[in-house]
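There are 2 protein chains.
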Amino acid sequence: MTAVAPVAEEGRRRGLNRSRMADVARLAGVSTATVSRALRRPEIVSPELRGRIDEAIRRLAYVPNLMAGGLASARSRTVGVIVPSLINSFFSETVEVMGERLAGAGYQIMLGHSGYSIEREEALVASYLAWSPAAIVLTGRHHSRLTLRRLLEADIPVVEMWEHGERPVDMLVGFSHREVGRAVARHFSERGARRLAFVGAALDRDLRAAERGDGFLAESRASGAQAVRIALADRPQVATGGVGLARLVQEHPDVEAAFFSNDVMALGALFECQRRGIAVPGRLRLCGFGDLDFAGVSVPTLTTVRPPRREIGQRIAEGLLARFEGTDPGPAVLDLGFDLIERESG
Amino acid sequence: MTAVAPVAEEGRRRGLNRSRMADVARLAGVSTATVSRALRRPEIVSPELRGRIDEAIRRLAYVPNLMAGGLASARSRTVGVIVPSLINSFFSETVEVMGERLAGAGYQIMLGHSGYSIEREEALVASYLAWSPAAIVLTGRHHSRLTLRRLLEADIPVVEMWEHGERPVDMLVGFSHREVGRAVARHFSERGARRLAFVGAALDRDLRAAERGDGFLAESRASGAQAVRIALADRPQVATGGVGLARLVQEHPDVEAAFFSNDVMALGALFECQRRGIAVPGRLRLCGFGDLDFAGVSVPTLTTVRPPRREIGQRIAEGLLARFEGTDPGPAVLDLGFDLIERESG
DNA sequence: GTCGCCGATGTTAGCGCTTGCAGAGGCGTC
DNA sequence: GACGCCTCTGCAAGCGCTAACATCGGCGAC
């Protein structure tokens, strides 16, 4: 009985048979400090020892305990990233690119989704901070006071992405949604449309979409055009786009061009037009946002705005890595712009 | 000069002003052990102390250091999840549901994407294990030997999802893709189609799609129908579906019904048919897989197979939580089935 | 030849928690 | 009224690393 206890104890203590840095050190005939250095900054360890250590790591299939390392160094090679939704492929692509770039430098992403709620964002930020992350990346600029306070106190790089403006918490990488709306309004105006509409969904939560709408309406009106706004309460799905179009033609049958808050909505509108025999762009011009996958091949192909999805992720990763390594991270605020892609629909 | 050093030291030691459990303990007038217990198992601490501790935590805005906790307890409240792609909304929804459910119980997801590569999966598993996760969730059943070995050695719950079969590593939650293919073949046969086709993309990597195709072809041929397989090298995007359709009508102009490897591909095919004036389902029946957002509102609406996207996530979370808490986790292998949704396209 | 300096390695003291064990009351039982 | 037992709390020993500091040669400069 007494002989068994230590074994059970041992089992509890460290997984079943996971080796520790001390095991590697013993096998390589060095101290743990040297193993640690060989892992973190190989260049300061002599090639001979490095070789012996690598061999020992391989033989033992050693996997470092990042929690121990993180605790000792008071930071982790983790970046907390919060996007509104994972289902939406806008952000997915940004996250994929960012993740790949960071992973290449040994950093890991902890990804969460806020569901467009700043309360959920607050909870996520709190739980990420509990991991002493190397940085936090948030979508947008709208955060709770407590979130802001915690972020500031954490004293780590904070990136706000997918928007543009002044006085960010720390870094800001994105583009101006207001300008997107303006550009679409100008685009329609230039093509002679004078009765315009913006159709959006869940605009009370998706503030970026709302801002695109605001920019669109402001610019439309400034140029003397007539512009209406249709806001739907549902989530921005394909079906919602169809509903939006139905409301549009019913309430404002004379509208000549409509800016849908994103391509998913616009696709729904496209289908609904087809169903109702509304000629696009003949009778109604349509523009979306996102330049999603299908925009280039739908019938008709969809005029839209292409956001710098991948570039946002890449620039953030680069900026962050520069900060981590103490090199020049470049400007704190980066406006990456966007492209209006003119296709058949308008 | 000398007076400054300790301050800098202090700064390095523990963020700028992040409070520790010891601070909470002092303020509440208890030991850190009691604070720890109040956090982990509140029911074993007296209501009075619990109240004082909660108050102290609130006043100090205390956020526990999970790395310290994880190190001390040799485990973390983290679940590593690996999906092939984030862009694909199939998995996103599963992950969202699973994440919400787990978050409710205090567990966090570390999400990564393998890009359908088992080498990347191997690297991700290794880096997740370095965090002593409470469990690992993988997509599919195809893993490298080393991944398997590490998973087994880690001695934690492992879930393979989105597939079905025998002898899983540990738990398996999903459905049979082969059966999906069979069901679609039967569906087409029942409607009198005798010349069938499966069109897929990147089938060498997306093994689930390949299996749907295999099941489809096997069942078609078993029922005496003629069935061809078109495999495209590109990624499964909307445009790829169009390319697939073009090849299909060129190489096999007499095909009456086609099963596209997923809805995204099928949508591309739908557009291409429209462009070419091919009547759907009149001249060609089309079926997809996934029941994505647009399937119910496209023109024509898309016949497809609905996988239990959300249920997979929910069941995994429940099974895992049961394992964590030592209660009955239910069967290790769960076949959640699927629904064939008949719509206009076929 | 001696000195000092620098690069490579070892020593050691924690990082902030968790948890086994011990101790301290409080209460029911005989 | 003493005893045992149970509940609640404190004590203290780590968890597996990192990094500041100490140490030890070797080598160039004078």
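Order-wise, the sequence lines are chains A and B.
Residue 1 is where the first sequence starts when you use my numbering, and the numbers rise one by one after that.
Residue 1001 is where the second sequence starts when you use my numbering, and the numbers rise one by one after that.
Where a beta carbon is used, it is the ideal one built from N, C-alpha and C, also for glycine.
As computed with DSSP, H1113/B is found in a beta bridge with V1083/B. Assigned with DSSP and collapsed to three states, Q314/A falls in helix. When CB distances to chain A are screened at a threshold of 7 Å, the residues of the segment 1112-1132 of chain B falling below it are H1113, A1126, S1127, L1129, A1130, W1131, S1132, in chain order. For the C-beta of D1170/B, not a single chain A residue is nearer than 9 Å; the gap to the nearest is close to 15 Å. Using a 10 angstroms sphere on the CB of G1029/B, the tally of other CB atoms stays under 16, which defines it as exposed. In the DSSP assignment, F198/A is bridged to R229/A, F259/A. For I1057/B, the uninterrupted alpha helix (DSSP H) segment begins and ends at 1047-1060. Judged by DSSP secondary structure, G174/A falls within the beta strand (DSSP E) whose first and last residues are 171-174.
Think of a sphere of 9 Å around the beta carbon of E1093/B: the chain A residues whose beta carbon falls inside it are L86, I87, in chain order. Shown in chain order are the members of the segment 283-311 of chain A whose Cβ falls below 7 Å from a Cβ of chain B: D293, F294, G296, V297, S298, V299. Taking I1278/B as the centre and dropping the five residues before and after it, the same chain places the C-beta of L1284 closer than 6 Å to its C-beta, in chain order. The three-state secondary structure of I1156/B, taken from DSSP, is coil. In the three-state reduction of the DSSP assignment, R150/A falls in the helix class, which pools H, G and I. In the DSSP secondary-structure assignment, A135/A is bridged to V79/A. Chain A places a beta carbon closer than 8 Å to that of E1096/B, counting this residue as a contact.
One thing to note: V1079/B has its Cβ no nearer than 8 Å to the Cβ of L1245/B. Boundaries of the alpha helix (DSSP H) around R26/A: 21-28. In this structure, DSSP gives R1167/B a state outside helix and strand, which the three-state scheme calls coil.
Listed along the chain, the chain B residues whose CB falls inside 8 Å of the CB of N65/A are L1071, A1130, S1132. Partner residues in the beta bridge of M161/A, as assigned by DSSP, are T139/A, V173/A. If you draw a straight line from the Cα of N88/A to the Cα of V1083/B, it comes to about 16 Å.
Secondary structure at L334/A: strand, using DSSP grouped into helix, strand and coil. Contact annotation for L1267/B against chain A: F294 [CB-CB distance below 8 Å, chain order].
Among the CB atoms of chain A, none fall inside 8 Å of the CB of G1313/B. Restricting attention to M1171/B, E1166/B, D1254/B, R1229/B, the CA atom closest to the CA of P1157/B is found in M1171/B. Under DSSP, L286/A forms a beta bridge with A258/A.
Note on E1219/B: 16 or more other CB atoms within 10 angstroms of its CB, so buried under the neighbour-count rule. Boundaries of the alpha helix (DSSP H) around V249/A: 238-251.
Contacts with chain A at 8 Å (Cβ-Cβ) include G1242/B.
The contact set of S76/A on chain B, defined by CB atoms closer than 8 Å, consists of M1067 in chain order. A38/A is the residue among C273/A, A38/A, R247/A whose C-alpha sits nearest the C-alpha of R50/A. Contact between the segment 1173-1185 of chain B and the segment 1147-1156 of chain B is not established, with fewer than three Cβ pairs separated by less than 8 Å. Chain B places no beta carbon closer than 8 Å to that of E251/A, leaving this residue out of the contacts.
C-alpha of L1027/B to C-alpha of Y1107/B: approximately 28 Å in a straight line. If you check the CB distance, L124/A and G112/A come in under 8 Å.
Q1250/B is classed as exposed because its beta carbon has fewer than 16 other beta carbons within 10 Å across all chains shown.
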